[in-house]
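J.: Dropping a structure here in structure tokens format, bear with me for questions.
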Amino acid sequence: VIVPCTSEASQESEFLLRVFSRKHIFHEIGCDASAVFSKEIVDQNEGQDEVFTKLFEKYPEINAVQLQKILNHMT
1470 VIVPCTSEAS
1480 QESEFLLRVF
1490 SRKHIFHEIG
1500 CDASAVFSKE
1510 IVDQNEGQDE
1520 VFTKLFEKYP
1530 EINAVQLQKI
1540 LNHMT
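For the sequence shown, the working numbering begins at 1470 and goes up steadily by one.
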């Protein structure tokens, strides 16, 4: 779920979307590039899948404010 927002309603802005994946893939729109990673990435979010699954079972629909509270609590 991606929820870009601004400090004021109906205001336009730009934002950067970063995607972290388990596989080492680098892709930039409009540019063909490759990257080589030498260090193994440690999964700091291990076990959070179970937390999200339990929350989804209990609350199948949430709004942006509720999602932000959940994410703030997890970090």
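We treat Cβ as the ideally placed atom computed from N, Cα and C, and that holds for glycine.
In whole angstroms, what separates the C-alpha of residue 1530 from that of residue 1536?
T.: Your numbering for residue 1530 matches position 61 in the sequence shown. Your numbering for residue 1536 matches position 67 in the sequence shown. Taking the straight line from one Cα to the other gives about 10 angstroms.
J.: Whose C-beta lies closer than 6 angstroms to the C-beta of residue 1482 among residues of the same chain, with five residues either side of it excluded?
T.: Here the question's residue 1482 lines up with position 13 in the sequence shown. For residue 1482, where only same-chain residues beyond five positions count, the Cβ hits under 6 angstroms are 1475.
J.: State the DSSP-derived secondary structure class of residue 1525, mapped to helix, strand or coil.
T.: Position 56 of the sequence shown, counted from the first residue, corresponds to residue 1525. Note: residue 1525 maps to helix in three-state DSSP.
J.: On a Cα-Cα basis, can you pick out the residue from 1472, 1477 and 1478 that is closest to residue 1484?
T.: The count along the sequence shown starts at 1 and reaches residue 1484 at position 15. Closest option to residue 1484, Cα to Cα, is 1472.
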